[in-house]
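Okay, structure first, notes after.
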Amino acid sequence: MINDLNYAVRALVRQPALALGAILACGLGVGAATAVFSVVDKILFRQLPYAGESQLVSVGILAPLDSNEFLFMANYLDLRRHAPPFDGVTAFQAGAAACDLSDAPATRLRCMKIDANFLPVLGVAPALGRNFSGEENRPGAAPAVLLAHHLWRTRFAADPAIPGKSILIDGVPARVAGVLPANFEMPTLTEADILLPLAPDEARERGAGRTLRAFARLAPGLDADAAAARLEPFFQRLLETVPPRFRAEVKLRVRGLRDRQTAAIRPASIALFGAVLAVLLIACANIANLLLARASARTHEMSIRAALGASRSRLIRLTLTESLLLALAGGLAGIAIAYAMLRTAAALAPAAMPRLADASLDARVLLFALLSTAVTGLLAGLPPALHGPRAALLGSSRAVARGSNGIGAGLVALQIAVSMTLLTGAGLFLHSLWNLESVRLGLEPDRVVTAHFTLGRQRYARPADQAAFFRELDLRLAALPGLDAAAISDSLPPAGGTRGRPFSTIEVAGRPPVPEGSGGMVSWRYVTPGYFRALAIPIVRGRGFTPEDLAPDAYSLVLSQSLARRMFPGEDPIGKQILQSLDRTSGAEVWFTVVGVSGDVKNSGLATETAPEYYVPRKSLPDLTFANAEPPTGWREAWVVARTPLDPLAAAATLRDAIQSLDPALPVETATMRGRLRDVTAGARFQSAFLTAFGVIGIVLASIGCFAVTAFLVTQRRREIGIRIALGAQASHVQWLSIRHAAYPALFGIAAGGLASIAAARSIRGLLFGVAPLDVLPVAGAALLLIAATAAAAWIPARRAARIPPAETLRPE
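Under this note's numbering, residues 267 to 1079 are what the sequence shown spells out, in order.
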C-alpha cells in the first residue's frame, strides 16, 4: 500500500493538470455537499434541545389569517384540565412583546409569557437557578423572570449569583428565578430575551381571552393522529364557544414539533440537498472520466504489469489508491470551500431559513465530509479500475482497455443529464423570482420610507398616554419638511400582519346576513388620512380619509376594489352602511359609512392572491381605538410610512428624529419600502442563487468531463487519425470527427436530462410562483447552454487531434 501510494503521488505530480482538475471537481462537489448538509442537518435531522423531542406535539385550532395552530386562553385551560392523550400540556402567549430592562442603561428587550410547567413539559432544566413556582404563576403574584443565556452572559457578565436578584422590567421590580440553557430555543423559534409567568386568570378569561401557542407531550403509545382523534370531544366543546358564523372556518390540528418548525422550509431544504447531491454525482463522474483518460495513456504500462504477474486485484488497488488520493486532496479543499460557502450563506441568509446562521463544520458535519470524500474516491476509481488491460494485449500496438470508450461516453452523458436537471431547476427558480419581483403590488414603493416602534409599557401604561403620544406624532409628521405625505398604521403591506374577520360576519344595512362560512376572510387595518397618498394607493371611487374622519362622531370606511365588487356587485358602494364594531361604553352597534374605494394591494405576501380588505380611520380615542387593541402590545406598536422626494436614507433619519423627539429613549427601526420588499423575496432569492450556483458548478464539471473524454477518445484513436491525415484528410474533417464522437453522449445526456427535469420540476412546483412545471423556456435554455459548453470543451482536443503528425503515430509500426 505504501508503494502504491508513493507511486500514485509521483504519477500525479507528473500530470499536474489532471490532478488539479480532479481535485477541483472533488473539492467543489464535497464542499457544496458539506455546506448544505451542515444546514439541512440542523433543520431536518439534528436532535432538538428537548428531552424526548419525538413525543412533543403542537396542538390547537386553525383559522384563516394564521397558518399555525393556536388556542385561546379559555380553550387552553380546558385542555389542561382534560388532556387524556397527553402526559403534559403547556403554552405561551403568541408573539414576543417589546419590554424594557429599566436598569441603567435601559435596554429594549423581547419578552414572552409562559405557563409555569413550560420547561418541565419540554424536558428542559434551567442552566442556573430554578423554574417558576406555582405561586409565581398566579395573577397578582410578585413578578419573576427567566433570563435567556445570551442576555445573562452579555448584560449580567455571566454572574453565577444572579438567581434571587431583582431587576427592573418595564419599571417594575422582578426577581430572577433562573437562567435558561445556552442551547434553549422557543418551540416556534421566536427569539426571546426574558420569559415571564403567564399567570392565567381562570375567573376573568372565560371568553376567548389571550391567544396562545400550545404544546403537549404525548402519552406512551400514541402518535399525533391518534391524539387528534382522542381530542374530538375537546374540539366539540371548543366549537360551542365559537360563534356559529365562524365554525366552518375552524379546524383542529395536532402535529409533531419538528414538523411545525420545518413545515415551511422542508421542501426548500430537500430541494437544495438534492441539488448538491447531484453536484457530488457530477464530480464523481468527472473524476472517473479524468482517470479513464489517464488510464488510456497507461494501457501499455498496465499490460506490462499484468504480464509480469500483477493480479487483477493488485491493479485495481493501484487505481483505487490514485482515485482515493485525489479524493482526499479534493476533500480537504472541499472543507475549505464549505467553510467559505457557510460564511457567505450566513451573511446572505434570510430570516425564513432558521438555524442557517448557526451552521458550522462540527464533528458530525466533518464526518459527512469524510464519508463523501471516500464515496467519491471509490465511485470515481471503480470505472477505470474494473476495465483494466490484460497481458495478452501487450503484443498489440493498440493495447486499449476494452469497454472504456463506452464507459467514458456514458459518464459524460450522466454528467450532462444531471447538469441539465440542475440548470432547469435553477431556471425555474429564477423565473419564479422574476415573477415575484414583477408582481403588481397596488402601491408605489419608490421614495417611501417606513419606521416601526413599540411604546414602552412603563411610560405608556395608560391608554390616555398612548393616545397623547400619537396625537402629538400626527402633528409632528404634518410639520416635517421634505415629506409629500405621512401616515400611521398598525401594519404595512406586503408582509401581512393585518387584522381579519370572516366575510360572512360583515353586515350591510338593509340586507340579510351572508351564509355562514362563505366568502373566506377579509383583512382590515387602522390608518391615518395620509396613508393612501404615502403609498400611492389609488382611490378609484369616492375619496380617501380626511382629518374630518378623525372626529369622535365620524365613522368612515374605505373598501378595496375587490371587496367592493364582492359586497356590492353592479352597485355604487359609496354611502352604504356596514357594521364594524360595538361602542365599548354603551354597547351600542356602530355603523360605518363607505366613503371611498381604493385599489387592491398585496397584503399577505407576494405569492398569495390579493385579499379583499377595508380601512378604518386610526383615531386616538379610547372609546373606539383601544377597544380593538390586541395583546401583547395592543396600541403601543405602530408603523409610520412617508413618501418623500428626498434621499430615502436622509428621510429615514428625519423620520426617526421626529419620533424620538417625543421620546429620546424610544428604539425606532427604519427602512425603505424597497428594502422591505427585498426582505419579502429574500427566501426565493436565496434558493435561486444557490441552485444557480450549483447549476454553474455542474456546467463547469460537465465541461471538464467532456474535455477529458474527448481527449481520451483522441488518445485512443491517434493511430487512426494519423493514417487519415497521411491519406489526405483535411484538418476540419478530423476536428468534426472528434467533435461528433463527443456530441453523441452529450445529446443523449440532454435528452435524458430533459425527462429528469420534468420529473424534478413537478416535485418542486410548490416552491414556484407563476411558473408551470412544464415551462419550456428553462428546459430549452439549459439545453442550449449545455450544447455550447460541450462544443467548447470538445473543440480543444479536436483541434489538437487535427495537428497530429502522421509520422509520429506511424513510427512505432
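Each residue gets a CB set at the ideal place from its N, CA and C atoms; glycine is no exception.
Go ahead and pull the three-state DSSP assignment for residue i.
i       : result
Gly776  : coil
Ala751  : strand
Tyr1092 : Missing from the structure shown is residue 1092; the chain here goes from 267 to 1079 and no further.
Pro439  : strand
Ala452  : In the sequence as displayed, the identity of residue 452 is Met instead of Ala. Residue state, collapsed to three classes: coil.
Thr507  : coil
Asp628  : coil
Ala1058 : helix
Ser931  : According to the sequence provided, residue 931 is Ala. The question's Ser does not apply to it. Of the three classes helix, strand and coil, the one that applies to Ala931 here is coil, per DSSP.
His416  : helix
Ser589  : helix
Pro282  : helix
Glu837  : coil
Gly575  : coil
Ser698  : helix
Gln724  : coil
Ala469  : coil
Gln502  : helix
Asp332  : strand
How should residue i be labelled, buried or exposed, when 16 other C-beta atoms within 10 angstroms of its C-beta is the threshold for buried?
i       : result
Phe311  : exposed
Ser927  : exposed
Met267  : exposed
Arg479  : buried
Glu879  : buried
Ser535  : buried
Gly810  : buried
Ala1081 : Outside the displayed span of the chain (267 to 1079) sits residue 1081, for which this structure offers no information.
Asn552  : buried
Pro453  : buried
Gly596  : buried
Ala1046 : exposed
Val542  : buried
Asp731  : exposed
Gly437  : exposed
With a threshold of 6 Å on Cβ separation, who are the neighbours of residue i within its own chain once the five nearest residues in sequence on each side are excluded?
i       : result
Ala1017 : none
Ala1068 : Ala997, Val1000, Gln1001
Leu702  : Leu872, Thr947, Ala950, Phe1035
Gly722  : Asp366
Val714  : Arg909, Met939
Arg513  : Leu505
Leu749  : Ala908, Thr910
Ala349  : Val355
Pro351  : Ala485, Leu488, Ala493, Arg496
Ala646  : Cys550, Ile553, Ala554, Ser589
Output yes if chain B places a C-beta closer than 9 Å to the C-beta of residue i; else output no.
i      : result
Val946 : The structure shown has no chain B; it contains just one protein chain.
Nearest by alpha-carbon distance to residue i: which of the options is it?
i       : options                         : result
Asp712  : Leu271, Ala514, Pro1011, Pro914 : Pro914
Ala1093 : Met452, Gly295, Val355          : Residue numbering for the chain in the displayed model covers 267 to 1079; residue 1093 lies beyond these limits and cannot be assessed.
Ala288  : Leu592, Ala364, Asp307          : Leu592
Thr876  : Ala817, Ile925, Val788, Ala931  : Val788
Pro439  : Ser368, Ala362, Glu451          : Ser368
Asn869  : Ser822, Tyr821, Ser757          : Ser757
Tyr792  : Arg884, Val860, Asp731, Pro747  : Arg884
Leu547  : Arg419, Trp901, Ala679          : Ala679
Arg521  : Leu488, Phe539, Leu538, Ala537  : Leu488
Ser402  : Val387, Asp381, Pro386, Val1037 : Looking at the sequence provided, one finds Glu at residue 402 rather than Ser. Residue Asp381 is the option with its Cα nearest to Glu402.
Leu1013 : Ala683, Gln846, Ser969          : Ala683
Glu837  : Ala391, Val860, Val856, Gln846  : Val860
Ser822  : Trp857, Phe956, Ala924, Phe338  : Trp857
Ala371  : Val325, Asn341, Phe422          : Reading off the sequence shown, one finds Pro at residue 371, where the question assumed Ala. Taking only the C-alpha atoms, the option nearest Pro371 is Phe422.
Ala904  : Val780, Ala717, Gly961, Gly941  : Ala717
Ser1029 : Pro499, Ser324, Gly691          : Gly691
Which residues in the same chain have their Cβ closer than 8 Å to the Cβ of residue i, if we skip the five residues on either side of it in sequence?
i      : result
Val863 : Ile805, Val806, Arg807, Gly808, Val824, Leu825, Ser826, Gln827, Ala830, Pro839, Ile840
Ala458 : Ala362, Arg376, Cys377, Met378, Ala414, Met452
Ile965 : Ser685, Leu689, Leu1051, Leu1052, Ala1055
Excluding the five sequence neighbours on either side, which residues of its own chain have a C-beta within less than 7 Å of the C-beta of residue i, listed in chain order?
i       : result
Lys517  : Ile327, Leu328
Gly1032 : Pro533
Ala549  : Ala291, Cys292, Leu294, Gly295, Thr642, Leu967
Trp418  : Ala424, Ile428, Val445
Cβ contact (3+ pairs, closer than 8 Å) linking the stretch 729-747 and the stretch 772-780:
no
Given 8 Å, three or more beta-carbon pairs between the stretch 578-591 and the stretch 723-730
no
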